[in-house]
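A quick write-up on the structure given underneath.
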DNA sequence: GGAGAAATGTTATCCTATTGCTTCTTTAAA
DNA sequence: TTTAAAGAAGCAATAGGATAACATTTCTCC
Ligand SMILES: [Zn+2]
Ligand SMILES: [Zn+2]
Ligand SMILES: [Zn+2]
Ligand SMILES: [Zn+2]
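Residue numbers (our numbering), protein chains in the order written: chain A, 1 to 162; chain B, 1001 to 1162.
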């Protein structure tokens, strides 16, 4: 798989996501510490989702001392605050596009390039909630991961093949 | 979490699932070897999904020599044949209720007791496929995991609390 | 029977995640 | 302003999940 691309930290989407996070944390009275903020920045600064150890490597490049718990605790915080999602099928973490609204996350994940697209289909969410209700099941969180190939990747194959 | 309950290997659902698997593999011209069959049996013989190492422990109790690759290879085969699913959020494996029809799997997973209920909501499946189509994304497989509490578990809490 | 393919055995290692405990920092009360 | 308590981060060790690489066995087909 291709290595995750680094994006300028000051990219519009990263800056916007960080400002949004600052605001949310202030509203909620929770602390977006330097470390937590930096981990969020690292996640948003890459085109593809990163694993915990990849994030740790970046932290070490920063010069910061670090062991796995350092990054996992920051990730736990960001997950609790709904600022990031964990993609269980890949053991990676990706920034949430709608951190205001609590949700489990719906993702299109490209098997070939690792790129991720977050959906927000409330109809799907409701249908699943209905299914759960019908069985007396109390829903805490939904996670939907659709694995496949993004346009770039399958078009590349098509061109080569035909 | 509660330990996974062992169920008699000859329980109706286990026996039925194994017969179904035998038939499918024969039709498909693939080999359901003794090991693969036994792993499938172990999975169906437990009330809750098992992790790979838990399955390995059972194999060892059988007296069979075994290392992780032993069980992972069998699991890979069963996954390829759609006879089991992997629940990525828990790193466990569970038997598929509809191995004829290829599908990623939709699950209600109880956070407290680990019990799993497989859904087969085609409307959800279609909606997600539509979302993917609209983005030019080629779907290979969908995985849906709804985490929450089963009736038994939240009713227990309700009784205790109120 | 013999060649090639498929499956399994075996060992070592990698990747992911957590536990337990210590130290530092922040917060708020005295 | 000191000080206690809580929260966050540092640190070392370890648990848990999965794979790589290679040897050996078993099966299939000629
Ligand atoms: Zn989101
Ligand atoms: Zn792609
Ligand atoms: Zn199924
Ligand atoms: Zn339960």
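Where a beta carbon is used, it is the ideal one built from N, C-alpha and C, also for glycine.
If you draw a straight line from the C-alpha of residue i to the C-alpha of residue j, how long is it?
i                       : j                       : result
residue 1044 of chain B : residue 1014 of chain B : 5 Å
residue 93 of chain A   : residue 146 of chain A  : 15 Å
residue 108 of chain A  : residue 118 of chain A  : 6 Å
residue 163 of chain A  : residue 1049 of chain B : With chain A covering 1 to 162 only, the question about residue 163 of chain A has no answer from this structure.
residue 82 of chain A   : residue 96 of chain A   : 7 Å
residue 1058 of chain B : residue 1047 of chain B : 14 Å
residue 1012 of chain B : residue 136 of chain A  : 25 Å
residue 22 of chain A   : residue 69 of chain A   : 23 Å
residue 1098 of chain B : residue 62 of chain A   : 50 Å
residue 1003 of chain B : residue 74 of chain A   : With a pLDDT of 44 at residue 1003 of chain B, under the threshold of 50, the modelled position of this residue cannot be trusted; read the value that follows with caution. Cα-Cα distance, rounded: 31 Å.
residue 51 of chain A   : residue 90 of chain A   : 8 Å
residue 53 of chain A   : residue 76 of chain A   : 14 Å
residue 106 of chain A  : residue 1132 of chain B : 11 Å
residue 1151 of chain B : residue 130 of chain A  : 14 Å
residue 1116 of chain B : residue 116 of chain A  : 27 Å
Beta-carbon within less than 7 Å of residue i's beta-carbon, same chain only, minus the 5 sequence neighbours each way: which residues are those?
i                       : result
residue 1078 of chain B : 1036, 1039, 1040, 1084
residue 153 of chain A  : 110, 112, 113
residue 1086 of chain B : 1079, 1093
residue 1141 of chain B : 1104
Are the beta-carbon atoms of residue i and residue j separated by less than 7 Å?
i                       : j                       : result
residue 1104 of chain B : residue 1143 of chain B : yes
residue 1028 of chain B : residue 138 of chain A  : no
residue 123 of chain A  : residue 1127 of chain B : yes
residue 1071 of chain B : residue 1055 of chain B : yes
residue 1088 of chain B : residue 134 of chain A  : no
Excluding the 5 residues preceding and the 5 following residue i in the sequence, name in chain order all residues of the same chain whose CB lies nearer than 6 Å to its CB.
i                       : result
residue 67 of chain A   : none
residue 1101 of chain B : none
residue 64 of chain A   : none
The beta strand (DSSP E) spanning residue i covers which residue range?
i                       : result
residue 1081 of chain B : Premise fails: residue 1081 of chain B is in no beta strand (DSSP E) and is neither H nor E.
residue 117 of chain A  : 116–119
residue 110 of chain A  : 106–110
residue 1142 of chain B : 1138–1149
residue 1030 of chain B : Here residue 1030 of chain B belongs to no beta strand (DSSP E), and DSSP marks it neither H nor E.
residue 63 of chain A   : Segment: none, residue 63 of chain A is in no beta strand (DSSP E) and carries neither H nor E.
Taking the continuous alpha helix (DSSP H) assigned at residue i, which residues delimit it?
i                       : result
residue 1034 of chain B : 1034–1044
residue 50 of chain A   : Run containing residue 50 of chain A: none; DSSP gives neither H nor E here.
residue 128 of chain A  : 122–134
Report all residues from its chain with a CB closer than 8 Å to the CB of residue i; omit the five preceding and five following residues, and keep chain order.
i                       : result
residue 1025 of chain B : 1031, 1032, 1081
residue 18 of chain A   : 37, 40, 41, 44
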